[in-house]
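Residue numbers (the working numbering): 2 to 292.
The C-beta atom is built at its ideal place from N, Cα and C for all residues, glycine as well.
Taking it in order: structure first as structure tokens, then the write-up.
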């Protein structure tokens with residue numbers, strides 16, 4: 002039995018692993034992809050000492066710090082009471098404590114044709130797919146900084162970029178200036194209602210019947226917490242499904258901690274996720290040490 006199983010390999014999970022190693026805990030990390038959302042970031046500007054580096058470059062450095070950590074490259078599909086942890090490959094783990102660093106995944110449009118056009122015009126990752134749309138007309142759907150970031154990643158490649166927001170844009174002033182400089186068109190208060198095309202996406206329709214020709218649609222309409230494997234634990238969460246924790250990252254179930262973007266909180270950044278990981282492992286170590 003492990004002292005700790007860390008579920009997830011993003012910045013929060015990596016931070017937890019670094020501290021678990023320092024405290025000499027018997028632990029393992031389970032993650033299909035070490036790096037998480039960092040792998041999709043083209044430039045990091047909000048983490049000390051990493052200004053201007055790419056997300057993958059940062060991941061390379063972080064991997065060096067956990068090179069001697071036991072990492073199972075697989076997906077956790079179920080966590081039962083008593084901390085019986087089932088993996089996609091059929092493997093089962095037991096642990097005294099669990100840290101959930103499962104993050105979030107992108108919301109989908111829930112429109113006819115979305116699955117059919119996935120990889121054929123529809124994308125959820127500008128960093129991954131931007132070069133495929135060189136010289137083409139693209140649409141970015143969303144009104145937050147993540148959508149604006151996608152638009153800027155696309156700007157060196159796409160012939161034109163239109164950003165469509167369902168309500169009002171929630172973009173900081175500095176980002177707005179960058180969008181204006183790159184001549185990105187902003188459409189406010191419109192909703193995509195239809196996807197048109199034969200083998201590939203060719204056009205979108207808005208709720209005012211307006212049609213926009215495009216070869217690419219990048220969807221950035223928010224994220225939802227990745228908690229599907231936790232249904233049997235009965236963890237308390239907010240209305241959106243994000244997990245509630247105390248200041249030590251403890252959830253409502255003894256021995257279960259949640260860190261990073263899966264946590265119910267106002268501010269989600271790389272630096273706060275890393276801090277969550279340190280805080281949770283310190284709590285586990287302190288608790289075990291006092292017994």
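Could you check what DSSP says for residue i in three-state terms: helix, strand or coil?
i: residue 286; result: helix
i: residue 2; result: coil
i: residue 184; result: coil
i: residue 125; result: coil
i: residue 48; result: coil
i: residue 151; result: helix
i: residue 63; result: helix
i: residue 132; result: helix
i: residue 236; result: coil
i: residue 259; result: strand
i: residue 95; result: strand
i: residue 158; result: coil
i: residue 313; result: Since the first and last residues shown for the chain are 2 and 292, residue 313 lies out of range.
i: residue 146; result: helix
i: residue 278; result: helix
i: residue 176; result: helix
i: residue 58; result: helix
i: residue 249; result: coil
Thinking C-alpha only, which one of the options is nearest residue i?
i: residue 193; options: 179, 216, 166, 201; result: 166
i: residue 20; options: 236, 63, 204, 169; result: 63
i: residue 105; options: 274, 285, 279, 282; result: 274
i: residue 190; options: 196, 56, 168; result: 168
i: residue 116; options: 267, 198, 184, 178; result: 198
i: residue 92; options: 99, 83, 54, 74; result: 74
i: residue 270; options: 28, 66, 89, 45; result: 45
i: residue 206; options: 110, 125, 131; result: 110
i: residue 181; options: 160, 209, 158, 152; result: 152
i: residue 103; options: 272, 211, 7, 281; result: 7
i: residue 49; options: 276, 282, 283, 284; result: 276
I'd like to know whether the C-beta atoms of residue i and residue j end up nearer to each other than 8 Å.
i: residue 108; j: residue 222; result: yes
i: residue 11; j: residue 36; result: yes
i: residue 148; j: residue 164; result: yes
i: residue 138; j: residue 216; result: yes
i: residue 203; j: residue 213; result: no
i: residue 278; j: residue 68; result: no
i: residue 136; j: residue 170; result: no
i: residue 188; j: residue 162; result: no
i: residue 3; j: residue 286; result: no
i: residue 70; j: residue 33; result: no
Can you give the Cα-Cα distance for residue i and residue j, rounded to whole angstroms?
i: residue 5; j: residue 128; result: 33 Å
i: residue 235; j: residue 31; result: 21 Å
i: residue 150; j: residue 289; result: 42 Å
i: residue 101; j: residue 258; result: 6 Å
i: residue 118; j: residue 200; result: 8 Å
i: residue 186; j: residue 220; result: 16 Å
i: residue 86; j: residue 41; result: 28 Å
i: residue 97; j: residue 72; result: 18 Å
i: residue 112; j: residue 196; result: 7 Å
i: residue 232; j: residue 18; result: 25 Å
i: residue 184; j: residue 89; result: 46 Å
i: residue 52; j: residue 59; result: 10 Å
i: residue 57; j: residue 26; result: 28 Å
i: residue 131; j: residue 156; result: 9 Å
i: residue 243; j: residue 83; result: 22 Å
i: residue 281; j: residue 14; result: 10 Å
I want to know whether the stretch 212 to 232 touches the stretch 262 to 271 - three or more CB-CB distances under 8 Å. Under the Cβ criterion (8 Å, minimum of three pairs), the stretch 212 to 232 counts as touching the stretch 262 to 271.
Any contact between the stretch 70 to 89 and the stretch 241 to 253? By contact I mean 3 or more CB pairs, one from each, below 8 Å. Not touching, per the Cβ criterion.
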